[in-house]
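Trainee: Under this note's numbering, think of the first position of the sequence shown as 20, with each following residue one higher.
Below is a structure I'd like to ask you about.
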Amino acid sequence: SSSTMSFALYELALNQDMQTKARTEIETVLARHNGEFTYECMRDMQYLYQIFCETLRKYSIASVTMRKTLNDYQVPNTKFVIEKGIIIVIPVDAIHRDPEIYPEPERFDPTRFEPEAVAKRHPMTWL
């Protein structure tokens with residue numbers, strides 16, 4: 020969205036080293052793809068992808084999301100059952116700003132989304 024782009028550009032303006040690294044990656048990947056910006060070319064821009072993931076973490080599009088259960092669900096290892104038809108509120112901002120998941124959550128840090136870092140986190144910590 021335009022908001023995500025604006026926040027990404029804002030963070031890059033504040034972080035010259037990240038801006039330089041992103042520009043270098045874009046130039047390098049474009050050269051490897053003969054100057055053609057294609058889907059494959061874009062997929063090769065790992066650092067740029069990390070920048071957008073971190074932008075969406077820090078500036079979530081939706082602060083919460085909701086889901087309605089389609090079936091009864093027995094919570095593993097408990098006697099608790101979430102009944103069919105219950106609406107569950109998922110606090111996206113709270114998860115994205117949890118310092119136990121993302122240390123220094125107010126700091127913009129695209130390295131949080133390096134493949135090795137992502138592999139160490141629970142898959143539901145970035146929505």
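Where a beta carbon is used, it is the ideal one built from N, C-alpha and C, also for glycine.
Can you tell me whether K77 is helix, strand or coil according to DSSP?
Mentor: helix
Trainee: Decide if I109 is buried, meaning its Cβ has at least 16 other Cβ atoms within 10 Å, or exposed.
Mentor: exposed
Trainee: With a 10 Å radius around its C-beta and 16 neighbouring C-beta atoms as the bar for buried, classify L153 as buried or exposed.
Mentor: There is no way to answer for residue 153, as the model of the chain reaches only from 20 to 146.
Trainee: Beta-carbon within less than 8 Å of V100's beta-carbon, same chain only, minus the 5 sequence neighbours each way: which residues are those?
Mentor: D91, Y92, Q93 and V94
Trainee: For K77, which of E133, E123, S21 and P142 has the nearest alpha-carbon?
Mentor: E123
Trainee: H115: buried (16+ other C-beta within 10 angstroms of its C-beta) or exposed?
Mentor: buried
Trainee: Which one or two residues does DSSP pair with V100 in a beta bridge?
Mentor: Q93
Trainee: Per DSSP, which one or two residues make a beta bridge with T84?
Mentor: I109
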